Amino acid sequence: MSITVETAQLAASSDEDRLVVTDDAVIVLDGATAHDPDMPSAGAYVDHLSSELARSIDDPSPLTSILEQSIARTATALGIAPGAAAPSSTVVLVRIEPEAVDAIVLGDSSVIVGLSSGAVQVLTDDRLSKLRLPEADLYRRLLADGQGYGGRHRKVLQELQVAERARRNQQDGYWIAEADPHAANHALHVRYPLREVAWVIAATDGAFDLIPTLGVTWHEVADMSTPQLDQLLRDVQTWEAETDPDGLALPRAKRHDDKTVAVVRFGSS
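Counted the way this note's numbering counts, the sequence shown spans residues 1 to 269.
Structure below.
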């Protein structure tokens with residue numbers, strides 16, 4: 001079986017997405033933007049975590065175990081502890097094994113699987129949005145009312161990040177890569193026989209949430225080359241800047257977010 005990987009990234013001001021492609025795996029991270037002034041940038045965190053994952057992703061251990069150990073080593077190296085104002089990141093791991101495609105998602109990124117039957121199955125970790133935090137509802141309502149990305153919006157995002165931190169890696173909250181290695185055990189997991197999979201897409205929310213606004217289907221994305229994916233992400237950024245600069249049509253925390261997409265295609269050798 002032949003495997004083709006096409007990727008694209010478009011950084012926003014935060015530039016905290018990370019993408020690693022190995023012979024048999026794809027790693028996608030999306031570091032959390034620091035809206036709260038007490039929250040450090042996630043840049044060093046995603047750099048270290050992506051390196052740790054790349055070193056161990058091809059081990060035969062379960063993906064959750066690999067992520068757990070990588071979070072532990074990252075937290076030790078950076079000197080961060082659970083519950084503090086520590087950086088965090090979403091995680092997507094896709095591993096191609098001899099007889100299966102294995103994937104986990106932690107935090108609000110996504111895996112889209114195209115099956116040989118033509119069906120498409122989407123795995124998205126939406127546990128944070130399901131909390132319906134009042135601050136999240138408020139910033140979306142203010143954007144929908146036309147108040148834009150000004151000072152009040154930034155203040156609400158700071159308050160939201162404090163509220164999110166209180167629910168981070170809690171049973172009644174949501175789970176994300178930070179300092180607690182056990183968060184890895186709460187990752188969403190899918191596994192498919194290799195013969196049943198035509199393609200897999202891994203995407204951060206900056207790409208996943210916005211690509212459908214252009215009327216592009218995941219089947220179409222799965223057929224794109226790297227230059228076409230690059231253009232797709234630029235088209236998304238143009239839509240954000242010119243069609244919906246104030247978040248009226250699609251209320252979102254930032255006008256422009258980092259965008260990462262990776263397509264893995266399977267075919268006969």
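Using N, Cα and C, we set each Cβ at its ideal position, and we do this for glycine too.
Nothing here was measured: the structure is a model prediction, and the numbers come from that model.
The three-state reading of DSSP puts tyrosine 174 in strand, counting E and B together.
Looking at the backbone, the Cα of glycine 148 and that of leucine 214 are separated by about 22 Å.
Across the structure, arginine 140 and threonine 260 are spaced so that their CA atoms are roughly 23 Å apart. When Ala103, Gly118, Ser109 are compared, the shortest CA-CA separation from histidine 219 is found for Gly118. Taking each of Gln161, Asp58, Val156 in turn and checking the Cα distance to serine 88, the smallest one comes out for Gln161.
Residue burial is scored here from C-beta neighbours: methionine 224 has at least 16 other C-beta atoms within 10 angstroms and is therefore classed as buried. Contact between leucine 93 and leucine 63 holds, since their C-beta atoms are separated by about 5 Å, short of 8 Å. One alpha carbon belongs to valine 28, the other to glutamate 242, and they sit about 28 Å apart. Proximity to isoleucine 57 across Trp175, Gly79, Arg95, Leu229 peaks at Arg95, based on C-alpha coordinates. When Glu178, Ser116, Glu159 are compared, the shortest CA-CA separation from glutamate 68 is found for Glu178. The three-state reading of DSSP puts glycine 148 in coil, since its state is none of H, G, I, E or B. When secondary structure is reduced to three states using DSSP, serine 89 falls in the strand class. Looking at the DSSP output, histidine 189 bridges to Ile104.
Taking the Cα of valine 221 as reference, the smallest distance to any Cα among Leu138, Ala262, Ala77 is reached at Ala262. Within the same chain, Cβ atoms closer than 6 Å to the Cβ of isoleucine 80 are found at Ala86, Ala179, the five residues on either side in sequence being excluded. Rounded to the nearest whole angstrom, the CA to CA distance from serine 13 to alanine 187 is 28 Å.
Look at leucine 10 here: in three-state DSSP terms it is strand. Of the residues assessed, proline 181 falls on the buried side of the cut-off, its CB having 16 or more other CB atoms within 10 angstroms. Only residues of its own chain outside the window of five on either side were considered, and among them Val113 have a CB closer than 6 Å to the CB of glutamine 121, listed in chain order.
Around proline 40, the same chain offers Ala34, Ala85, Ala86, Pro87 as residues with beta carbons nearer than 8 Å, after the five sequence neighbours per side are excluded. When DSSP states are grouped into helix, strand and coil, arginine 18 belongs to the strand group. Sorting Glu164, Ala44, Asp246, Asp59 by C-alpha distance to the C-alpha of glutamate 135 places Glu164 at the top. Nearest Cα to tryptophan 239 within the set Pro227, Leu194, Val216: Val216.
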